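Residue numbers (the working numbering), protein chains in the order written: chain S, 10 to 241; chain F, 10 to 241.
Notes to accompany the following structure.
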DNA sequence: TCCCGGTAACAGGAACATACTGTACCCGCT
DNA sequence: AGCGGGTACAGTATGTTCCTGTTACCGGGA
């Protein structure tokens with residue numbers, strides 16, 4: 010009947026609100042992060058809405074349900090952690106340096122956002138049957154997978170093990186760090202990061218050698234544009 | 010006044026029911042496992058009670074709340090997995106053989122009990138702020154910790170890294186296997202188990218070398234009673 | 001010895017209270 | 001017209017209370 014072109018807004022009165030939904034969603038997620046920080050991991054949607062300065066039912070204007078909000082929070086956390094890790098992983102340099110810097114950033118972030126981490130562990134996105142931490146870990150692992158694949162291709166090696174390695178590395182770091190958070194023992198954060206970096210390198214080294222690639226962890230990686238030199 | 014010795018029941022009418030509570034708890038947990046297998050991971054307490062042939066409210070006679078039941082389920086799963094892993098870990102033999110057998114049992118168990126695994130991932134025991142999978146993983150990791158500590162002591166090495174290593178190993182295996190379960194790609198279960206075994210050994214080897222211990226993964230471990238021989 | 005009322009502890013369930021989630025609808029503003 | 005706000009309400013899951021059996025043990029009396 011009426012023309013409803015997707016390419017151009019029908020009415021200026023509609024264009025006025027373009028992106029409004031996304032803005033409001035971000036506001037709610039921001040409020041949720043503040044509420045988690047202040048009320049702890051067992052925060053209710055009521056408290057989140059209060060933190061946003063709105064009534065609880067307003068939430069359903071912008072989120073399909075509570076799981077949708079939690080998905081938004083998980084996405085935001087993924088952004089935050091990715092932003093922490095990106096400098097370490099994209100800066101290039103030696104493998105060991107990248108690993109050590111990334112793990113240090115990761116352990117620091119977790120230590121500083123314990124409530125947020127606990128919130129994610131105890132809320133499940135029943136829609137997909139996964140919990141929020143799994144979603145965040147999956148997102149990180151997929152980034153790592155891409156990184157590994159890029160570097161494996163530089164050496165002409167197969168990329169089929171990149172994904173299992175990436176998920177293994179993420180699980181290794183997360184599990185050990187989570188335990189350390191709840192039960193630090195006599196282990197300092199930097200010592201833990203050193204240990205994890207060593208173990209992660211051993212894991213990567215094993216996967217690389219299985220592909221016939223030998224790397225010195227303390228020599229810089231080749232860069233896509235430059236000629237590469239495999240070192241034994 | 011009246012004799013009420015703790016050593017002997019005052020009345021046969023009371024003694025009749027000794028252990029009844031534990032029996033009923035086990036029955037409920039059994040019913041829950043069946044209900045999860047048949048109704049999927051989103052099973053309700055109502056359905057569990059129905060599977061047990063009882064009204065829902067009966068549950069609260071034996072469990073403090075729903076989290077208590079889930080704790081019971083998590084404990085049972087821990088028993089089941091521990092029973093799967095124990096033969097591999099206690100049989101002795103070479104490190105590589107133990108690792109490979111344990112990981113094979115673990116991947117097989119997860120592949121066969123996908124619904125149960127998903128149930129655990131999506132139900133949180135809010136009492137402690139942890140999810141059920143974390144509890145199971147923690148229990149397994151503690152068993153591994155003890156195993157590592159025993160063997161480290163045989164070599165006169167420090168045991169302070171046993172716990173971080175154990176949790177790291179558990180996280181590594183669980184994370185990679187969980188991803189493989191949801192997204193197997195072209196990787197067979199046995200190939201995955203081989204990869205994980207190699208990586209776990211590299212991790213253990215790194216931790217051992219940091220303590221000055223070098224082991225050949227394909228030579229049998231020393232046994233407590235026998236003289237030990239470190240092999241370079 | 002056997003029967004019999006009494007009793008302790010469990011079995012089962014209905015009715016109720018509470019909390020969280022999500023929907024419907026109403027009004028106001030620009 | 002379209003968004004902003006909120007109250008009232010429905011649905012569901014979670015616990016609690018209370019009432020009615022049921023079973024096996026106990027002690028006493030014929």
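Glycine residues also receive a C-beta, built at the ideal position from the N, C-alpha and C atoms.
Given the structure is predicted, the values throughout are model-derived calculations rather than measurements.
Using CA atoms only, rank isn't needed, just tell me which of S:220, S:122, S:124, S:46 is closest to residue 160 of chain S.
The shortest Cα separation from residue 160 of chain S among S:220, S:122, S:124, S:46 belongs to S:220.
Can you list the beta strand (DSSP E) stretches of 3 or more residues lying completely in the segment 78–158 of chain S, in chain order?
Entirely contained in the segment 78–158 of chain S, not one beta strand (DSSP E) run reaches 3 residues.
When you compare the CB positions of residue 90 of chain F and residue 206 of chain F, do they come within less than 8 Å of one another, or not?
Contact: no.
Could you round the C-beta distance between residue 36 of chain S and residue 61 of chain S to whole angstroms and report it? I think they count as a contact, below 8 Å.
At roughly 6 Å, the Cβ-Cβ gap stays under 8 Å, so residue 36 of chain S and residue 61 of chain S are in contact.
Among the residues of its own chain, which have a CB less than 8 Å from the CB of residue 199 of chain S, if the five just before and after it don't count?
Cβ neighbours of residue 199 of chain S beyond the five flanking positions: 113.
Using a Cβ cut-off of 8 Å (strictly closer), state whether residue 304 of chain F contacts chain S.
No answer is possible for residue 304 of chain F: the residues shown for chain F start at 10 and end at 241.
Skipping 5 residues on each side, what residues in its chain have a beta carbon closer than 8 Å to that of residue 102 of chain S?
Once the five neighbours on either side are set aside, the close Cβ partners of residue 102 of chain S are 229, 230.
For the alpha helix (DSSP H) holding residue 173 of chain F, just list the boundary residues, first then last.
Residues 171–191.
Short check: CB of residue 222 of chain F to CB of residue 157 of chain F, under 8 Å?
No.
Please report the straight-line C-alpha distance between residue 25 of chain F and residue 72 of chain F, rounded to a whole angstrom.
The straight-line gap from Cα to Cα measures roughly 21 Å.
Which chain S residues are close to residue 207 of chain F, counting only those with a beta carbon under 7 Å from its beta carbon?
Neighbours of residue 207 of chain F on chain S, chain order: 215.
Compare the Cα-Cα distances from residue 187 of chain F to each of S:93, S:47, S:139 and report the closest residue.
Of S:93, S:47, S:139, the residue nearest in Cα terms is S:139.
Between the Cα of residue 232 of chain S and the Cα atoms of S:162, S:30, S:93, which residue gives the shortest distance?
Out of S:162, S:30, S:93, S:162 has the C-alpha closest to the C-alpha of residue 232 of chain S.
Quick one: which residues of the segment 164–185 of chain F get their C-beta closer than 9 Å to a C-beta of chain S? List them in chain order.
Listed in sequence order: 169, 170, 172, 173, 174, 175, 176, 177, 178, 179, 180, 181, 182, 183, 184, 185.
Could you name the residues of chain F that residue 143 of chain S contacts, counting a contact when the two beta carbons are closer than 8 Å?
Simply 130, 187.
Among residues of its own chain, excluding the 5 on either side of residue 209 of chain F, which ones have a beta-carbon nearer than 6 Å to its beta-carbon?
Answer for residue 209 of chain F: 108, 178, listed in chain order.
Return helix, strand or coil for residue 73 of chain S, following the three-state DSSP convention.
In the structure shown, residue 73 of chain S sits in coil (DSSP, three-state: anything other than H, G, I, E or B).
Which residues in the same chain have their Cβ closer than 6 Å to the Cβ of residue 168 of chain F, if we skip the five residues on either side of it in sequence?
158, 161.
Could you check what DSSP says for residue 210 of chain S in three-state terms: helix, strand or coil?
Three-state result, residue 210 of chain S: helix.
Tell me which residues share the same chain as residue 28 of chain S and place their Cβ nearer than 8 Å to its Cβ, disregarding the 5 neighbours each side in the sequence.
There are no such residues.
Give the secondary structure of residue 38 of chain F by DSSP, where H, G and I count as helix, E and B as strand, and everything else as coil.
Helix.
Pull out every residue of the segment 220–233 of chain F whose Cβ sits closer than 8 Å to any Cβ of chain S, in chain order.
Flagged: no residues at all.
To the nearest angstrom, how far is the alpha carbon of residue 227 of chain S from that of residue 211 of chain S?
Cα to Cα, residue 227 of chain S sits roughly 13 Å from residue 211 of chain S.
If residue 224 of chain F sits next to residue 104 of chain F, beta carbons under 8 Å apart, how far is it from one beta carbon to the other, in whole angstroms?
6 Å between Cβ atoms; contact.
Indicate whether residue 155 of chain S and residue 87 of chain S have their beta-carbon atoms separated by less than 8 Å.
The answer is no: Cβ separation not under 8 Å.
One question on the structure: do residue 180 of chain F and residue 184 of chain S come within less than 8 Å of each other, judged by their Cβ atoms?
Against a cut-off of 8 Å, the Cβ pair of residue 184 of chain S and residue 180 of chain F comes out as a contact.
Using a Cβ-Cβ cut-off of 7 Å (strictly less than) and excluding sequence neighbours within five positions of residue 65 of chain F, which residues of its own chain qualify?
Taken in chain order, the residues that qualify are 54, 55, 58.
Cβ closer than 7 Å: which chain F residues qualify as neighbours of residue 140 of chain S?
Simply 130, 131, 140.
Could you round the C-beta distance between residue 2 of chain F and residue 173 of chain S to whole angstroms and report it? I think they count as a contact, below 8 Å.
This structure cannot settle anything about residue 2 of chain F, because the visible part of chain F is limited to 10 through 241.
Within 10 angstroms of its Cβ, does residue 92 of chain F collect 16 or more other Cβ (buried), or is it exposed?
Under this definition residue 92 of chain F is an exposed residue.
Anything in chain S within Cβ reach of residue 146 of chain F, meaning under 8 Å, just list it in chain order.
Going along chain S in sequence order, the residues near residue 146 of chain F (Cβ under 8 Å) are 184.
Quick one: which chain S residues come within Cβ less than 8 Å of residue 194 of chain F?
The answer, in chain order, is 169, 172.
Tell me whether the beta-carbon of residue 46 of chain S lies closer than 8 Å to the beta-carbon of residue 116 of chain S.
No; because the gap between Cβ atoms is not below 8 Å, this pair is not in contact.
Please report the distance separating the alpha-carbon of residue 149 of chain F from that of residue 32 of chain S.
About 44 Å.
Ignore the nearest five residues each way along the sequence and tell me which others in residue 111 of chain F's own chain have a CB closer than 8 Å to its CB.
Excluding residues within five positions, the ones whose Cβ falls inside 8 Å are 94, 97, 98.
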